[in-house]
Amino acid sequence: MIHPQPPAKTARLEARLTTAQKALFERAARVAGRSVTEFVLSSAAEAARRILFETEVLELSAADSLAFAQAIIDPPESNERLREAALWYAEQKSVRH
1248 MIHPQPPAKT
1258 ARLEARLTTA
1268 QKALFERAAR
1278 VAGRSVTEFV
1288 LSSAAEAARR
1298 ILFETEVLEL
1308 SAADSLAFAQ
1318 AIIDPPESNE
1328 RLREAALWYA
1338 EQKSVRH
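Per my numbering, the sequence shown runs over residues 1248 to 1344.
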């Protein structure tokens, strides 16, 4: 069976860190039996996936899922409070970018 080659690692990432941070990473990498590069990259990738999951995935209970689906299928009419909230959200979003 032929195994596909992993993509070539051509991108670089550099970071400035304190001596204490470097020593911490080196110690943890040694304990984990990995190189510092492998340890830092795998730790950063794990943290990135966790953060993205926490901010991009919405977990709902069964009742909340049904309420959400119902609101999509048969949305309530907008009222003044909803219009104000939508305007506020649009303004906040434009301020951040």
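Idealized CB from N, CA, C, for every residue including glycine.
| Rounded to a whole number of angstroms, what is the C-alpha to C-alpha distance between Glu1338 and Thr1302? | Distance from the CA atom of Glu1338 to the CA atom of Thr1302, rounded to whole angstroms, is 20 angstroms.
Query raised in the report: Is Thr1265 helix, strand or coil when you go by DSSP?
Result: Correct three-state label for Thr1265: coil.
* Asked: In or out: Phe1315 buried (at least 16 other Cβ within 10 Å) or exposed?
  -> By the Cβ neighbour-count rule, Phe1315 is exposed, with fewer than 16 other Cβ atoms within 10 Å of its own.
Given a cut-off of 9 angstroms on the beta-carbon distance, is the pair Ser1282 and Ala1276 in contact? In this structure, the beta-carbon distance from Ser1282 to Ala1276 falls below 9 angstroms.
Under the three-state DSSP convention, the category Arg1259 falls into:
Arg1259 sits in coil when the DSSP states are folded into three classes, being neither helix nor strand.
Three-state secondary structure (DSSP) at Gln1339? For Gln1339, the three-state secondary structure derived from DSSP is helix.
Tell me the DSSP secondary structure of Leu1307 in three-state form. Three-state DSSP puts Leu1307 in coil, outside helix and strand.
Alpha carbon to alpha carbon, what distance is there between Ala1279 and Phe1286? Each residue's CA atom was taken as its position, placing Phe1286 and Ala1279 some 8 angstroms apart.
### Query
DSSP state of Ile1249, grouped into three classes?
If DSSP states are grouped into helix, strand and coil, Ile1249 belongs with coil.
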